[in-house]
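Scroll down for the structure; my scribbles are underneath it.
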Amino acid sequence: MRGLFIALEGLDGSGKSFTATELKKSLEHNNYKVILTREPGGLPSAEAIRNTIMDYDIDPKTELLLYLAARRENLLHNVIPYLEQGYIVLCDRFFLSSIVYQGYARGLGMQEVRNLNHFVCDIYPDINIFIDTPIEICMERKRVAKDTNRFDFEKEQFHKKVKEGYEILLNQNQDNIFIVDGSLDVAERVDIISKIMVKYLCRIDNQLNKTKR
Ligand code: TMP
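What follows is the structure, given as structure tokens:
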């Protein structure tokens with residue numbers, strides 16, 4: 005793949021979506037071609053799956069299969085074609101969310117969920133960025149947010165488990181995850197991520213088909 009695939013991860017309310025939007029602006033300002041997508045969602049078929057997940061109180065295994073279905077659609081239509089054209093693809097959540105939320109917090113098993121992802125994913129992110137924001141800040145942001153879904157009303161205990169799940173992944177040290185302090189100002193977060201990306205950007209800059217316009 006000629007482009008660069010980056011997933012942003014974190015707790016609900018961690019600020020990852022805002023970080024992703026600002027990162028996109030910053031990269032575009034530097035003449036990179038960037039697409040920002042999200043999971044679950046990113047295109048009509050996957051957004052329909054997202055609505056089903058958000059609107060119905062469904063069994064965790066059903067939920068996992070729906071996330072995987074949405075992932076497959078997003079990957080085939082929003083990720084792979086753009087990577088082939090040399091874009092930077094920013095994805096607001098990807099497979100690590102399933103491992104943490106379904107595998108750990110909902111108790112389906114981290115390795116089991118990882119295995120199921122292998123069935124769906126032809127490729128994985130070059131870099132995973134974990135926006136590490138204190139749970140209290142995340143919960144407060146969600147409390148005052150206008151656009152809420154059923155997950156925003158999960159108890160603090162659930163968010164603690166999600167955080168623990170990410171920490172387990174960080175300790176396993178196998179998914180190329182970088183931590184960015186979510187309590188920093190968004191400009192600082194973008195700056196840190198840009199520094200993390202430097203060596204990967206060199207790689208794509210040096211290719212024949214440059215991602216720079
Ligand atoms: P968002 O608020 O970041 O858009 O994410 C929507 C919710 O979906 C959030 O509570 C995390 C959850 N989620 C999972 O549980 N598993 C997944 O695989 C993904 C992508 C999201």
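Letter 137 of the sequence shown, counting from 1, is numbered 141 in the working numbering, and no numbers are missing. C-beta: ideal position from N, C-alpha, C; glycine also.
Given a cut-off of 7 angstroms, decide if residue j and residue i are closer than it, judged by their beta-carbon atoms.
{"i": "Ser49", "j": "Glu67", "result": "no"}
{"i": "Asn132", "j": "Ala11", "result": "yes"}
{"i": "Val218", "j": "Glu26", "result": "Any question about residue 218 goes unanswered here, given that the chain covers just 5 to 217."}
{"i": "Gly169", "j": "Val104", "result": "yes"}
{"i": "Ala52", "j": "Leu40", "result": "no"}
{"i": "Val38", "j": "Ile92", "result": "yes"}
Exposed or buried, residue i, counting other C-beta atoms within 10 Å across all chains shown (16 or more means buried)?
{"i": "Thr152", "result": "exposed"}
{"i": "Ile62", "result": "exposed"}
{"i": "Gly111", "result": "exposed"}
{"i": "Lys167", "result": "buried"}
{"i": "Asp126", "result": "exposed"}
{"i": "Phe9", "result": "buried"}
Would you say the beta carbon of residue i is closer than 6 angstroms to some non-hydrogen atom of ligand 1?
{"i": "Arg145", "result": "no"}
{"i": "Pro44", "result": "yes"}
{"i": "Arg97", "result": "yes"}
{"i": "Asp16", "result": "yes"}
{"i": "Phe22", "result": "no"}
{"i": "Tyr204", "result": "no"}
{"i": "Tyr105", "result": "yes"}
{"i": "Ser101", "result": "yes"}
{"i": "Tyr108", "result": "no"}
{"i": "Phe162", "result": "no"}
{"i": "Phe123", "result": "no"}
### Task
Write down every uninterrupted run of the beta strand (DSSP E) in the segment 31-56 whose length is 3 residues or greater and which is fully enclosed by it, in chain order.
38-42
### Message
Runs of 4 residues minimum, wholly inside the segment 105-183: which ones carry the alpha helix (DSSP H) assignment?
### Response
114-124, 139-148 and 160-176
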